[in-house]
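Just remember that this note's numbering sits 794 ahead of the position in the sequence shown, which is counted from 1.
Virtual Cβ for every residue (Gly too), placed ideally from N, Cα, C.
Here the structure is laid out as structure tokens; the discussion comes afterwards.
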Amino acid sequence: MHELGIVVAIIKQVEEIAVANKVKRVTEVTLEIGEVSGIVPKYLTDAWKWAVDNRSTYLKGCKLNIITLKAKSFCTNCETAYDTMKYAKICPNCGSDKTYLLTGKEANIKDIKVEN
Ligand SMILES: [Zn+2]
795 MHELGIVVAI IKQVEEIAVA NKVKRVTEVT LEIGEVSGIV PKYLTDAWKW AVDNRSTYLK
855 GCKLNIITLK AKSFCTNCET AYDTMKYAKI CPNCGSDKTY LLTGKEANIK DIKVEN
């Protein structure tokens, strides 16, 4: 389950922010997860619940919010952006496969709520 590895990495980042800002407890974390990141939000939430209670002092009972980011690809042939989930690697505008992913693989920390 690679979601646990992601969760552990995110918790580490949040804890570093907490320490740097002299925060006592982090109560809520919001993540942005790309549509084609391969991360399953349900697994991520399950791993999160376990990890915050067992692996962290600053984040005990911390809530997790997940925002899904739409995946977008860009065609270098006709210079158009399009919906990756719908058309995958083939540009719907010109039929070219000279495309690359613009967004959709993210796993970013968007927001953190704390208690001082
Ligand atoms: Zn195109």
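Put simply, the segment 867-883 does not touch the segment 834-851. Fewer than three CB pairs are less than 8 angstroms apart.
Counting along the chain, the unbroken alpha helix (DSSP H) around V802 starts and ends at 796-814. Per DSSP, the beta-bridge partners of Y876 are S867. Leaving aside the five residues that flank T839 on each side, the residues in its chain whose CB is nearer than 8 angstroms to its CB run, in chain order, L858, I860. Here Y881 has S867 as same chain residues with Cβ atoms under 8 angstroms from its own Cβ, once five neighbours each way along the sequence are excluded. In terms of side-chain proximity, the C-beta atom of S890 is found nearer than 7 angstroms to a non-hydrogen atom of ligand 1. Within the same chain, and ignoring the five residues on either side of E829 in sequence, the residues whose Cβ sits closer than 8 angstroms to its Cβ are T862, L863, K864, A865, T878, M879, G898.
The C-alpha of T821 is placed about 17 angstroms away from the C-alpha of N902. Using a cutoff of 7 angstroms, the CB of T878 does not count as near ligand 1, since none of the ligand's heavy atoms is closer than that.
Per DSSP, V846 is one residue of the alpha helix (DSSP H) stretching across 835-848.
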